[in-house]
Structures are given as C-alpha cells and as structure tokens.
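Accompanying notes for the structure given below.
Rendered as structure tokens:
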C-alpha cells in the first residue's frame, strides 16, 4: 500500500469520525431546507427564486465548518512532525489532506445539494448541474480552506482567523458557481461560469499546497 | 542508509536567546548519545534542528552514508525516526489503527507493526481507543513504531519519561538490538539510559 493511499485513508477516517462526514452534510442541508422557508416565507414563487442559490451558499459555508481540525489537531498532538518526516513531500501531504477533506465533506454535500434545492422548489431537471457545480466548487473550497487552516496553525481563535483568510478567497468561486447556476436556470449560456469555476478549483489545487507546506514548516519551527 | 551523523559548530537561537553555540556532535553506526542538560538548555531544539524543523543559527548538520554525504532531506524523510515528547496519536482512533498508520507511513507494514506491539506488551490493548490507554501505554505504542519500520537514525525526546522500570529495561534491550544492527540513537534524557551511551551535555 503506498504512503499516499495510507495517508488518504487516515485523513478520511479522521474527517469521518471528527467532522461527521455525510451526516454533517445532510444535517446542514436539512437545516437550510427547514429554516429558509421559515425565514423567507412559504410563498413558493419567492422560494423558487432562491432555491438554487441557497444550497450553493450553504455549501460554501459548510466547507468552512470542519477546517479547524484539518492541520491544528495534528499540530497539537505532535502528529504533524511525523507527517512532515514521512516519505512524501510536505506539499503532497497537504494536498492529500485537502483531497480527503473534499471526499469526506465536499462530495457528500454536493450529492445532497440537489435534494435541498428540490425541497425549496427547484425543478428536478436542474439536479445534474447542481451536483457538478457543487462538486467542483467544493473542491476549490477544500483547497482554499486548507490554505486558511494551515496559515492559522498554532494561533488561538484559529477558526476566526481561518474565516478571515478564506472569505476573500472563496468569493470568486462563489460568484462563478452562482453565475453558472443562475444562467443555467434562466436558460442562458452557462458554460463560461462553470469553466471559470473549474479553472479556479484547479488553480487552487495547484498552488495552495506550496503555501500550506510553507505554513506547516513555519509552525513546526 | 545513514551510517553517521555530524554536527559542527552548531548554535541555535530561539527568539532573543542563544540556547547554545559551538556544539560538536559525532555519531557513528551502532553508537548512542544521550543529550543531557537542565530544562531549557536546548535539548529539544537540537533534536528538532537535526530532524530539519529548525534552522540552526550557525553550524552544519550532515548525514553520512556509505558512499559519502547524503542529501539531508532524503536522509530525514527515509531513514530518520523522530519522536518528540508528544506521542502523535489520535485519542479517538484505536491503538491498532494508529500504530499501523504510523508504521506504514514511515516504511513498515502491518505484520511488523503487530510484531512490534507484541514486543512492547501491547497486544491486548490494541483494539482500545488511544485515549483509554495510560500515558505509559501510549508511549509504548509510539515507541513500537520505531521497531515496526526500519529507519536507522532515532531522534528521541525523553523517550522513557512515562515508562515504568520494567518497560524501561525492555526499551533498553530493544534499543541495544537496534544499535547492534548498525542503528544510531540520539536521545534527550534526564534519567540514566538503560543502554550504553556517550553523553553530550548542553548548557554546562
């Protein structure tokens, strides 16, 4: 078994047991589907207007929820030293952590997103598009969020710092994804928005491991 | 494969304070050095510098192999075990899961991990969550990875602190075996070691 696979499985198990994995996603969307009609009023017409946007925002926010444990726990209990002295470069280690974070939190959220949207009145025909945008967006959120989590290593109130760092960085993908979904719902050209989102996700996955590794080295020194 | 560790003119600064300077360290295959000195003398910092986490203020750290000097990053990531005073174990995972991951991550496999656990007398507690283990059991679990994956250089920070007399002696036997096989061992300690070692005193 390769070291990368071992680490991925460990991170998946940690995210599953610590963050709740798919249950967290379902719980979060259940809360959205219940609370939005209570807050915005039960009018189906009004709900239909936000039925797609709300799960998308919820996905962005839910991706922030369990970031605090991504690097901080390993730092606190000494496991980060072990991870940094392993056979993989620290950059690869950080990237695998983000990938596992996406598998455990982002992917279940993406699968649950069309259900939440449908509950609020979005047509079922939108489901594939919602899943695709949510999956790609969640991928971007995981890597950008990992960057925030690594930069906040060792600081008190890490959660607050992560939110402050990550908020400006997840705004562009939120705009691209939201634009693509809105255009798709209105029957307008939507490919550009989705491609921009994909480009942002790939860019984040390519660049953020270097910053995460630097932040880990800084925290360990 | 590491056959020697050399530190020349090492000085380490933490914040404003120069912890030590002009430290010379030489460690060959089969040799052990005990780092001693009062609290705050820089034992942990020296170990972390050798492991590559801290850049020394001045001086040089070199890993020697059979064919000359090794690439330090390579020597650290392939042939060095570092165990700080924390065990690096996750409280809610089972002891078996943690040991198998730590051993596998550093180059061992499950069979070796189980054999190592047996040597440290941990066979019965392996299905418990790590947080249910005592401090001594957790330390033994962390030490088990040293013999579960074959790495030549051991950097240990107070490895024996939570262990009882019987397990200190046991660790002494296993460390002696490691040294007899050509291993290198550098440990920060306060108590006498249960295996023969030279002493390097910091802050004297």
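Protein chains in written order, with the working numbering: chain A, 11 to 231; chain B, 208 to 411.
The C-beta atom is built at its ideal place from N, Cα and C for all residues, glycine as well.
Remember, predicted model here, so these are calculated numbers, not experimental data.
- For residue 230 of chain B, the CB contacts under 6 Å within the same chain, skipping 5 residues up- and downstream, are 217 in chain order.
- The alpha-carbon of residue 246 of chain B is positioned some 40 Å away from that of residue 74 of chain A.
- Taken through DSSP and simplified to helix, strand or coil, residue 311 of chain B comes out as helix.
- Here the stretch 106 to 118 of chain A makes no contact with the stretch 324 to 339 of chain B; the two share fewer than three CB pairs at distances below 8 Å.
- Contact annotation: the stretch 160 to 173 of chain A touches the stretch 81 to 89 of chain A, with at least three C-beta pairs closer than 8 Å.
- DSSP places residue 259 of chain B outside both helix and strand once states are collapsed to three, so it counts as coil.
- By the CB criterion at 8 Å, residue 269 of chain B and residue 391 of chain B fall outside the cutoff.
- Among the residues facing chain B, residue 144 of chain A is not included, as its CB has no counterpart in that chain under 8 Å away.
- Contact of residue 231 of chain A with chain B is assigned, a C-beta pair being separated by under 8 Å.
- Per DSSP, residue 175 of chain A lies in no beta strand (DSSP E) segment; the continuous alpha helix (DSSP H) that holds it begins and ends at 168 to 195.
- Rounded to whole angstroms, the separation of the alpha carbons of residue 348 of chain B and residue 367 of chain B is 12 Å.
- Taking 8 Å as the CB threshold, residue 95 of chain A lines the interface with chain B.
- For residue 265 of chain B, the enclosing beta strand (DSSP E) begins and ends at 265 to 272.
- Within 7 Å of the CB of residue 20 of chain A, the CB atoms of chain B belong to 308, in sequence order along the chain.
- Taking a contact to require three or more Cβ pairs closer than 8 Å, the stretch 298 to 307 of chain B and the stretch 12 to 32 of chain A qualify as touching.
- Comparing alpha carbon positions, the residue from B/256, B/225, B/232 closest to residue 214 of chain B is B/232.
- Around the beta carbon of residue 218 of chain A, 16 or more other beta carbons lie within 10 angstroms, which makes this residue buried.
- In this structure the stretch 353 to 367 of chain B lies against the stretch 303 to 320 of chain B, because at least three pairs of beta carbons, one per stretch, are closer than 8 Å.
- In terms of Cα proximity to residue 153 of chain A, the closest of A/213, A/170, A/199 is A/213.
- Here the alpha carbon of residue 101 of chain A sits roughly 8 Å from the alpha carbon of residue 221 of chain A.
- Straight-line measurement puts the Cα of residue 61 of chain A at about 11 Å from the Cα of residue 67 of chain A.
- About 6 Å separates the Cβ atoms of residue 393 of chain B and residue 234 of chain B, confirming a contact at the 8 Å cut-off.
- Below 8 Å, enough C-beta pairs join the stretch 240 to 259 of chain B and the stretch 398 to 409 of chain B to call them touching: three or more.
- When DSSP reads this structure, residue 391 of chain B sits in a beta bridge with B/360.
- Residue 294 of chain B has a beta carbon lying within less than 8 Å of a beta carbon in chain A.
- In the structure shown, residue 210 of chain B falls within a coil segment according to DSSP collapsed to helix, strand and coil.
- Here residue 156 of chain A is buried: its Cβ has 16 or more other Cβ atoms, across all protein chains shown, within 10 Å.
- Taking residue 36 of chain A as the centre and dropping the five residues before and after it, the same chain places the C-beta of 122 closer than 7 Å to its C-beta, in chain order.
- Just measuring C-alpha positions, the residue of B/228, B/272, B/209 sitting nearest residue 288 of chain B is B/209.
- Nearest in C-alpha terms to residue 292 of chain B, of all of B/377, B/396, B/286, is B/396.
- Taking the beta carbon of residue 27 of chain A as reference, the chain B residues within 7 Å of it are 299, listed in sequence order.
- Under the Cβ criterion (8 Å, minimum of three pairs), the stretch 274 to 288 of chain B does not count as touching the stretch 247 to 256 of chain B.
- At a beta-carbon threshold of 8 Å, the residues of chain B lying near residue 92 of chain A are 289, 295, 309, 312, 313, ordered along the chain.
- Residue environment for residue 304 of chain B: buried (at least 16 other C-beta atoms within 10 angstroms of its C-beta).
- For residue 146 of chain A, the enclosing alpha helix (DSSP H) starts and ends at 137 to 161.
- Setting aside the 5 residues that flank it on each side, residue 228 of chain B is surrounded in the same chain by 218, each with a C-beta closer than 7 Å to its C-beta; the list follows chain order.
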